[in-house]
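J.: Take 1 as the starting number for the sequence shown in the working numbering and just add one per residue.
Please see the structure below; I have some questions.
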Amino acid sequence: IVDDDPEVLKTLQLWLKNEGFKVFTATNKKQAEEIVKTEHIAVCLVDLHLKNEDGLRISAALKSLDELLRIIILTGYPTYESAIDAIKTGLFDYLSKSTDNDAILRKINSAVEERDRELAIKQDCDKNKISIILIGHHLLFKEGLENFLKENTEYCLLQAYHAFDYVKKSDFNLDPALLLICASCNQMFLENPENMFSNLKIIFPNAKMVLINCDCNDDKKRELIRCGAKGFLPTNTGKANLKKALNCILEDQIWISRELSHQLLSELLEDTNPEIVYRKPLSTFGLTNREIEILQALASGLSNFAISEKLFLSEKTVKTHTHHIFKKMLVNTRTQAVMKALEFHII
Numbered sequence: 001i002v003d004d005d006p007e008v009l010k011t012l013q014l015w016l017k018n019e020g021f022k023v024f025t026a027t028n029k030k031q032a033e034e035i036v037k038t039e040h041i042a043v044c045l046v047d048l049h050l051k052n053e054d055g056l057r058i059s060a061a062l063k064s065l066d067e068l069l070r071i072i073i074l075t076g077y078p079t080y081e082s083a084i085d086a087i088k089t090g091l092f093d094y095l096s097k098s099t100d101n102d103a104i105l106r107k108i109n110s111a112v113e114e115r116d117r118e119l120a121i122k123q124d125c126d127k128n129k130i131s132i133i134l135i136g137h138h139l140l141f142k143e144g145l146e147n148f149l150k151e152n153t154e155y156c157l158l159q160a161y162h163a164f165d166y167v168k169k170s171d172f173n174l175d176p177a178l179l180l181i182c183a184s185c186n187q188m189f190l191e192n193p194e195n196m197f198s199n200l201k202i203i204f205p206n207a208k209m210v211l212i213n214c215d216c217n218d219d220k221k222r223e224l225i226r227c228g229a230k231g232f233l234p235t236n237t238g239k240a241n242l243k244k245a246l247n248c249i250l251e252d253q254i255w256i257s258r259e260l261s262h263q264l265l266s267e268l269l270e271d272t273n274p275e276i277v278y279r280k281p282l283s284t285f286g287l288t289n290r291e292i293e294i295l296q297a298l299a300s301g302l303s304n305f306a307i308s309e310k311l312f313l314s315e316k317t318v319k320t321h322t323h324h325i326f327k328k329m330l331v332n333t334r335t336q337a338v339m340k341a342l343e344f345h346i347i
């Protein structure tokens, strides 16, 4: 209940508690937002005219925090114009404070039932789809994501949070496949990414985390990868690239630039112990000496053309050898091949 009249708050709170509801009260927008952020609220009763604040603006702010929230406007001075404004804002209902208790109670119960139905439909629909949670409020990306979901019905948006600090620990039951984290909306939290990522892993342990609207430098990206990021999508990523990236990440690959991939592989190779001269391969996967030679060149980050120049082969022959390497090692990318070769001591 959001109202700045203490007598109204007290009366409504006592009555609704007796009707079996768990009731929270707020006298202003800030208090109301804190409650919606930290508690699972089904219905919000908002006074239309608080002394220093507008009830419709408060309602819009609360609705932006939880799209499933049902808001009923209560006013002592109902007018046709304010009712139209409430409807345009997408609120559930508009009632006079003089409405009898039974009618108000019916409206509240109806709001709860409608919210529960929408939640059930959403959860049931999500069982057979790739579920996404968005952490960010970037308007252009939200609109782009809505268009993407309409065209790619195998994906669905499970929940959207304004920013990281709006995520509730009690939301662990959502279990999304992907977390899309807007870098620009969560800039302050990315200054200490370890804290943010560790908390998200606790709440959503099975989700793969992807940074969107991310134009940070490679040093920052390396830090974020160590924290658990699986990919980076720059501002204005198109729908085709978004789908390609998400599918890649769902297949347990990392979506990063080729340059950053080469840097990470080089760092990994530099970190190997220089005192170890030779280790017998655990398996060579039936690779020929030439294929192992090309695998070593791949680990150095060389392109097909550079490998062909180095080994005096045609570029087509290099591509053929690379295809054979992938097939024998049961991998799909250069990075996977090199990582597996390191794991089995082939290179």
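Ideal Cβ placement from N, Cα and C applies to all residues, glycine included.
Grab the span of the alpha helix (DSSP H) containing Lys221 for me, first residue to last.
T.: Element bounds for Lys221: Asp218 to Cys227.
J.: Distance, Cα to Cα, Lys10 vs Cys185?
T.: Rounded to whole angstroms, Lys10 to Cys185 spans 38 Å at the Cα level.
J.: How long is the line joining the alpha carbons of Glu223 and Ser64, rounded to whole angstroms?
T.: Glu223 and Ser64: Cα-Cα distance of roughly 31 Å.
J.: Would you check if the region 136 to 151 and the region 189 to 203 touch, i.e. whether three or more CB-CB distances between them fall below 8 Å?
T.: Segments in contact, no.
J.: Cβ of Ile41 within 8 Å of Cβ of Ser59?
T.: No. Outside cutoff.
J.: Name the residue from Leu250, Phe164 and Leu14 whose alpha carbon lies nearest to the alpha carbon of Asn101.
T.: The option with the nearest alpha carbon to Asn101 is Leu14.
J.: If Lys310 and Ile256 are in contact, beta carbons under 8 Å, what's the gap, nearest whole angstrom?
T.: About 25 Å; that fails the 8 Å criterion.
J.: Select from Arg334, Lys328, Phe285 and Lys327 the residue whose C-alpha is nearest the C-alpha of Ala297.
T.: Nearest of Arg334, Lys328, Phe285 and Lys327 to Ala297, Cα basis: Arg334.
J.: Reducing DSSP to helix, strand and coil, say where Gln263 ends up.
T.: Of the three classes helix, strand and coil, the one that applies to Gln263 here is helix, per DSSP.
J.: So, does the region 129 to 139 touch the region 173 to 182, judging by three or more C-beta pairs under 8 Å?
T.: Yes, since at least three Cβ pairs between the region 129 to 139 and the region 173 to 182 fall closer than 8 Å, the two stretches touch.
J.: Here's the rule I'm using: 16 or more other beta-carbon atoms within 10 Å means buried, otherwise exposed. How should Ala103 be labelled?
T.: Ala103 comes out exposed.
J.: CA-CA distance, Ile1 and Lys129?
T.: For Ile1 and Lys129, the distance between alpha carbons rounds to 36 Å.
J.: Taking DSSP's pairing of strands, which residues face Trp255 in a bridge?
T.: The partner list for Trp255 (beta bridge, DSSP) reads Gly231.
J.: So the beta strand (DSSP E) Ala160 belongs to, where does it begin and stop?
T.: Start and end: Tyr155 to Tyr161.
J.: Around the Cβ of His323, are there at least 16 other Cβ atoms within 10 angstroms (buried) or fewer (exposed)?
T.: When all chains shown are included, His323 counts as exposed.
J.: Would Leu348 and Leu74 qualify as a contact pair, given that the criterion is a beta-carbon distance under 8 Å?
T.: In this structure the chain extends from 1 to 347, so residue 348 is not present and cannot be described.
J.: Find out if the Cβ-Cβ distance for the pair Ala306, Ala341 is shorter than 8 Å.
T.: No. Outside cutoff.
J.: Quick one: measure Cβ to Cβ for Leu16 and Val8, integer angstroms, because I've assumed they're closer than 8 Å.
T.: Not quite, the Cβ-Cβ distance comes to about 12 Å (not below 8 Å), so this is no contact.
J.: How many Å lie between Leu145 and Val210 at the Cα?
T.: Whole-angstrom Cα-Cα distance: 14 Å.
J.: Is Thr38 helix, strand or coil when you go by DSSP?
T.: Thr38 falls in the helix class under three-state DSSP.
J.: Using a Cβ-Cβ cutoff of less than 7 Å, which residues in the same chain neighbour Glu154 once the five nearest sequence positions on both sides are dropped?
T.: The residues are Lys129 and Ile130.
J.: Assuming Glu33 and Ala61 make a contact with CB atoms under 8 Å, what is their CB distance in whole Å?
T.: Indeed, because the Cβ distance is near 6 Å, the residues count as touching under 8 Å.
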